[in-house]
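A.B. asks: Sharing a structure with you now.
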Amino acid sequence: MNILTDFRTHRPATLADAVNALAADGTLPLGAGTDLLPNLRRGLGHPAALVDLTGIDGLGVISTLADGSLRIGAGATLEAIAEHDAIRTTWPALAQAAESVAGPTHRAAATLGGNLCQDTRCTFYNQSEWWRSGNGYCLKYKGDKCHVIVKSDRCYATYHGDVAPALMVLDARAEIVGPAGKRTVPVAQLFRESGAEHLTLEKGELLAAIEVPPTGAWSAAYSKVRIRDAVDFPLAGVAAALQRDGDRIAGLRVAITGSNSAPLMVPVDALLGGNWDDAAAETLAQLVRKTSNVLRTTITGVKYRRRVLLAISRKVVDQLWEAR
Ligand SMILES: Cc1cc2nc3c(=O)[nH]c(=O)nc-3n(C[C@H](O)[C@H](O)[C@H](O)COP(=O)(O)OP(=O)(O)OC[C@H]3O[C@@H](n4cnc5c(N)ncnc54)[C@H](O)[C@@H]3O)c2cc1C
Ligand code: SF4
Numbered sequence: 003m004n005i006l007t008d009f010r011t012h013r014p015a016t017l018a019d020a021v022n023a024l025a026a027d028g029t030l031p032l033g034a035g036t037d038l039l040p041n042l043r044r045g046l047g048h049p050a051a052l053v054d055l056t057g058i059d060g061l062g063v064i065s066t067l068a069d070g071s072l073r074i075g076a077g078a079t080l081e082a083i084a085e086h087d088a089i090r091t092t093w094p095a096l097a098q099a100a101e102s103v104a105g106p107t108h109r110a111a112a113t114l115g116g117n118l119c120q121d122t123r124c125t126f127y128n129q130s131e132w133w134r135s136g137n138g139y140c141l142k143y144k145g146d147k148c149h150v151i152v153k154s155d156r157c158y159a160t161y162h163g164d165v166a167p168a169l170m171v172l173d174a175r176a177e178i179v180g181p182a183g184k185r186t187v188p189v190a191q192l193f194r195e196s197g198a199e200h201l202t203l204e205k206g207e208l209l210a211a212i213e214v215p216p217t218g219a220w221s222a223a224y225s226k227v228r229i230r231d232a233v234d235f236p237l238a239g240v241a242a243a244l245q246r247d248g249d250r251i252a253g254l255r256v257a258i259t260g261s262n263s264a265p266l267m268v269p270v271d272a273l274l275g276g277n278w279d280d281a282a283a284e285t286l287a288q289l290v291r292k293t294s295n296v297l298r299t300t301i302t303g304v305k306y307r308r309r310v311l312l313a314i315s316r317k318v319v320d321q322l323w324e325a326r
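Going by the numbering used here, the sequence shown opens with residue 3, and the numbers climb by one from there.
See below:
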């Protein structure tokens with residue numbers, strides 16, 4: 003059986019030409035291909051054409067704007083983001099997240115757009131064709147049953163992107179272009195909690211850029227735990243942004259990844275105005291536990307991943323609190 007079926011490639015030089023090319027049925031955008039191509043090689047999808055975005059003029063540009071905000075083209079590599087002086091100094095959480103993706107050779111090619119829009123993952127899905135066919139496939143692709151939640155009518159594959167939670171706590175916005183023109187949304191709104199359809203992009207739309215506002219009084223950090231420190235997806239990842247006013251939490255944002263079908267903001271309003279102490283840390287743990295939905299989608303045990311998620315949530319806020 004031919005797993006990797008033939009497809010055409012387009013390499014447009016402008017965003018407008020990319021949008022035109024994406025209008026055709028069965029056409030997908032392609033960044034560096036580090037997520038998409040391994041999936042296609044496993045028979046996970048049979049596109050008619052790929053639109054290679056890496057030839058688009060200016061899509062990889064990173065610039066700081068006069069109002070103190072940051073604009074990053076969707077084609078910027080993770081290496082360029084991690085090594086960018088202004089990002090390292092002013093938005094270190096973003097540099098930390100980009101730097102923690104996979105390994106160095108990978109980051110030299112992988113794009114911001116591809117990182118944010120990468121597919122969700124599941125141990126019953128990211129497998130070879132013969133493995134999946136031997137197990138009757140699954141709901142996400144070709145099958146009629148979920149192996150993680152057997153009676154479920156939706157897929158619970160997990161989102162493991164590192165960069166999205168950092169952008170979410172930095173209050174970043176995504177610029178999207180498509181057949182209907184341009185629109186911007188908060189980064190959190192790029193995603194929905196559905197393992198088979200986790201992006202809210204409409205047909206023919208693509209991510210063009212990310213805009214990050216000035217940090218003001220916020221400080222932020224990202225932390226992840228993975229099996230192999232040199233190259234691996236997060237078992238759990240947490241980004242937090244804090245405003246400390248003496249012994250008071252004046253502002254707090256927490257976002258998690260590796261736990262659900264989308265990166266999620268944890269509702270932490272209950273902690274505002276109080277001190278950061280053991281009781282507050284326990285409240286945060288409860289809020290993270292309530293927001294997350296860790297399931298049997300990786301080879302690592304559910305209880306362990308949940309404990310890791312709670313532990314790094316506390317660790318990140320501890321670090322930010324001590325640093326102010
Ligand atoms: C061994 C290995 C380890 C990895 N480790 C990590 C990790 O630690 N953390 C992590 O976050 N990821 C990891 N990844 C996943 C992935 O490689 C990275 O997220 C990478 O940043 C994807 O970028 P890319 O440019 O290669 O995306 P591509 O593979 O080109 O694209 C990924 C998806 O995004 C879509 N897409 C690409 N650009 C756009 C755009 N501008 N607008 C809309 N859709 C778009 C594509 O259609 C595709 O569906 C790993 C992958 C491998 C193989
Ligand atoms: S969560 Fe269920 S439907 Fe989704 S990929 Fe895994 S086994 Fe398939």
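The beta-carbon is built from N, C-alpha and C at its ideal position, and this holds for glycine as well.
Ignore the nearest five residues each way along the sequence and tell me which others in Ala168's own chain have a CB closer than 6 Å to its CB.
C.D. replies: For this step, residue 168 is matched to residue 166 along the sequence shown. Ala95, Leu96, Ala99, Tyr224 and Ala241.
A.B. asks: Using the three-state DSSP reduction, which class does Gln98 fall into: helix, strand or coil?
C.D. replies: On the sequence shown, residue 98 is found 96 positions in, with the first residue counted as 1. Correct three-state label for Gln98: helix.
A.B. asks: Our contact map puts Glu131 next to Arg44 with C-beta atoms below 8 Å; I'd like the distance itself, whole angstroms only.
C.D. replies: Position 129 of the sequence shown holds residue 131. Position 42 of the sequence shown holds residue 44. 6 Å between Cβ atoms; contact.
A.B. asks: Excluding five sequence neighbours on each side, which residues of the same chain lie with their C-beta closer than 8 Å to the C-beta of Lys147?
C.D. replies: By 1-based counting over the sequence shown, the position of residue 147 is 145. Closer than 8 Å at Cβ, skipping near neighbours: Gly138, Cys140 and Leu141.
A.B. asks: May I ask you to report which of helix, strand or coil DSSP gives Gly218?
C.D. replies: In the sequence shown, residue 218 corresponds to position 216, counting from 1. Of the three classes helix, strand and coil, the one that applies to Gly218 here is coil, per DSSP.
A.B. asks: Do Leu273 and Leu2 have their beta-carbon atoms positioned less than 7 Å apart in this structure?
C.D. replies: Residue 2 is absent from the model: the chain starts at 3 and stops at 326.
A.B. asks: Whose C-alpha, out of Gly260, Val103 and His12, is nearest the C-alpha of Leu312?
C.D. replies: The residue labelled residue 312 in the question sits at position 310 within the sequence shown. The shortest C-alpha separation from Leu312 is found at Gly260.
A.B. asks: Who's in the neighbourhood of ligand 2, going by beta-carbon under 6 Å from any heavy atom, listed in chain order?
C.D. replies: Cys124, Phe126, Tyr127, Cys140, Leu141, Lys142, Cys148, His149, Val150, Cys157, Tyr158, Ala159, Gly197 and Thr299
A.B. asks: Can you check DSSP and say which residues form a bridge with Leu208?
C.D. replies: Against the sequence shown, residue 208 aligns to sequence position 206. Note: Leu208 sits in a beta bridge opposite Val179.
A.B. asks: Once the 5 residues before and after Asn115 are set aside, which same chain residues still bring their CB inside 6 Å of it?
C.D. replies: As a working mapping, residue 115 is identified with position 113 in the sequence shown. At residue 115 the sequence reads Gly, which differs from the Asn that was named. Excluding residues within five positions, the ones whose Cβ falls inside 6 Å are Gly33, Ala76 and Leu209.
A.B. asks: In or out: Gly105 buried (at least 16 other Cβ within 10 Å) or exposed?
C.D. replies: Position 103 of the sequence shown, counting from 1, holds the residue named residue 105. Looking at its Cβ environment, which holds fewer than 16 other Cβ atoms inside 10 Å, Gly105 is exposed.
A.B. asks: Once DSSP output is grouped into helix, strand and coil, what is the label at Pro188?
C.D. replies: Position 186 of the sequence shown, counting from 1, holds the residue named residue 188. Reduced to three states, the DSSP call for Pro188 is strand.
A.B. asks: Note the first and the last residue of the continuous beta strand (DSSP E) segment covering Asp280.
C.D. replies: Start at 1 with the first residue of the sequence shown, and residue 280 comes out as number 278. No beta strand (DSSP E) contains Asp280, which is instead part of the alpha helix (DSSP H) from Asp280 to Thr293.
A.B. asks: Three-state secondary structure (DSSP) at Leu39?
C.D. replies: For this step, residue 39 is matched to residue 37 along the sequence shown. Reduced to three states, the DSSP call for Leu39 is helix.
A.B. asks: List in chain order: all unbroken beta strand (DSSP E) runs of 3+ residues lying wholly within the region 224-254.
C.D. replies: 238-247
A.B. asks: Can we count Gln120 as close to ligand 1, meaning its CB is less than 6 Å from some heavy atom?
C.D. replies: Working through the sequence shown from its first residue, we reach residue 120 at position 118. Checking every heavy atom of ligand 1 against the Cβ of Gln120, one is found closer than 6 Å.
A.B. asks: Please confirm whether any heavy atom of ligand 1 lies closer than 6 Å to the CB of Pro49.
C.D. replies: Position 47 of the sequence shown holds residue 49. It does not: the Cβ of Pro49 is nowhere closer than 6 Å to a heavy atom of ligand 1.
A.B. asks: Can we count Thr36 as close to ligand 1, meaning its CB is less than 6 Å from some heavy atom?
C.D. replies: In the sequence shown, residue 36 corresponds to position 34, counting from 1. Yes, Cβ of Thr36 sits closer than 6 Å to a heavy atom of ligand 1.
A.B. asks: Among the candidates Pro181, Val319, Arg291 and Val318, whose CA atom is the shortest distance from the CA of Tyr1?
C.D. replies: Because residue 1 is not part of the residues shown, which for the chain are 3 to 326, the question remains open.
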